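Residues 11 to 301 (the numbering used here) are what the sequence shown spells out, left to right.
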Amino acid sequence: MTLLTFRFAPSPNGELHLGHAYSALLNQKLAKANDGRLLLRIEDIDTTRCTPQFEAGVLADLEWLGLDWEEPVRRQSGHFAEYGTVLDRLMSEELVYPAFMSRGEIRAFITDSEKRGRDWPRDPDGVPLYPPADKALPVRERKRRIAENAPFAWRLDVGAALARVGRDLAWAEFTDEALSATRAVAARPQDWGDVIVARRDIPTSYHLAVVMDDALQGVSHVVRGQDLFSATSVQRLLQELLGLPQPTYFHHRLILGPDGRKLSKSLGDTGLAKLRDAGASPDDIRRMVGL
11 MTLLTFRFAP
21 SPNGELHLGH
31 AYSALLNQKL
41 AKANDGRLLL
51 RIEDIDTTRC
61 TPQFEAGVLA
71 DLEWLGLDWE
81 EPVRRQSGHF
91 AEYGTVLDRL
101 MSEELVYPAF
111 MSRGEIRAFI
121 TDSEKRGRDW
131 PRDPDGVPLY
141 PPADKALPVR
151 ERKRRIAENA
161 PFAWRLDVGA
171 ALARVGRDLA
181 WAEFTDEALS
191 ATRAVAARPQ
201 DWGDVIVARR
211 DIPTSYHLAV
221 VMDDALQGVS
231 HVVRGQDLFS
241 ATSVQRLLQE
251 LLGLPQPTYF
261 HHRLILGPDG
271 RKLSKSLGDT
281 GLAKLRDAGA
291 SPDDIRRMVG
301 L
């Protein structure tokens, strides 16, 4: 019988807050209830914002909460070569292209388009989709710009990728915290436009790294926040393109701040370290997040 495998995957770019605590504790609860495994992954591909100091704080907070996980801990920053190999594959299959437009150029392009009476499409987070101009650049021009060290990112040609897959995509989503029933959710990666899958100096992005890691680590159940629900569509497309196994998903409720908004690492009052220093216990944290 295959063990169910769960994972908690924080980014060490700030201090953990109550929302992280809920996600970590829920993953641990489900792993124990199903005699499964719990893995810890450090998602630190952003080598500028992620620091050893923040990682040490993450580990200290999780240990204080009573979380236990299997060793070794996977750190994404140690696997750039693996991600680069997969990026090379996407490049060879002409499923990605270098995108050179700066944020200012994107804004100007969209402003000009909207002046002409066309409402520019936006992704589920409200960000305008990337314009199509770079996708039409000749290969020779792409190579010239790259040779001249022009800034760029590798974007997935979602239209070409969907044509390659050749069918509608979906995923299995659990409907409650007990993982008692699932429903099929239609994936709509086209809603995100041509997403970034790698940077010039970092051969991966969140989307690419997470699907590779989940496959390599044998993750069977991805339990994470509702804020990532729509992003799962992009990851399902990448799984299909790369022939990776498909986990089952549960996108849990979010812990909201006093103003009713999603918690942020910049909101110190809900930070675990600050709550601990104020005298809160791990049991207090469990009560605060509804566990």
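The beta carbon of each residue, even a glycine, is placed where N, CA and C say it ideally should be.
These numbers were taken from a predicted model, which means no experiment stands behind them.
Unbroken beta strand (DSSP E) stretches of 3 residues or longer found wholly inside the segment 82–133: 106–109, given in chain order. A residue is called buried when at least 16 other Cβ atoms come within 10 angstroms of its Cβ; A196 does not meet this threshold and is exposed.
Boundaries of the alpha helix (DSSP H) harbouring L248: 242–252, taken from the DSSP string.
In the DSSP assignment, W79 falls outside any alpha helix (DSSP H), carrying neither H nor E. For Y140, the three-state secondary structure derived from DSSP is coil. When C-alpha distances from T95 are compared across A188, A208, A163, the shortest belongs to A208.
For R47, the closest C-alpha among the options L14, Y32, A70 is that of L14. In the DSSP assignment, H217 falls within the unbroken alpha helix (DSSP H) covering 216–226.
The distance from the Cβ of Q200 to that of L172 is about 7 Å, consistent with a contact at the 8 Å cut-off. Contact check between the segment 145–153 and the segment 78–87: fewer than three CB pairs, one atom from each, fall below 8 Å, which does not count as touching. Judged by DSSP secondary structure, H262 falls within the beta strand (DSSP E) whose first and last residues are 258–262. Three or more Cβ pairs closer than 8 Å define a contact, and the segment 258–273 falls short of that threshold against the segment 212–228. Counting other Cβ atoms within 10 Å of its Cβ, Q38 reaches 16 or more and is therefore classed as buried. Distance from the CA atom of F16 to the CA atom of P161, rounded to whole angstroms, is 37 Å.
Annotated three-state conformation of E151 is helix, per DSSP. For F64, the uninterrupted alpha helix (DSSP H) segment begins and ends at 62–75. Cβ atoms of L251 and V175 come within 8 Å of each other, at about 7 Å.
Taking each of G289, L77, K145, V106 in turn and checking the Cα distance to T214, the smallest one comes out for V106. Under the three-state reduction of DSSP output, L172 falls in the helix class.
Here P141 is not near F110, since their CB atoms are 7 Å or more apart. Between V232 and L139, the alpha-carbon positions lie close to 27 Å from each other.
A straight-line Cα-Cα distance of about 29 Å links T61 and I156. Of all alpha-carbon atoms in F90, A170, V137, the one lying nearest the alpha-carbon of D56 is that of F90.
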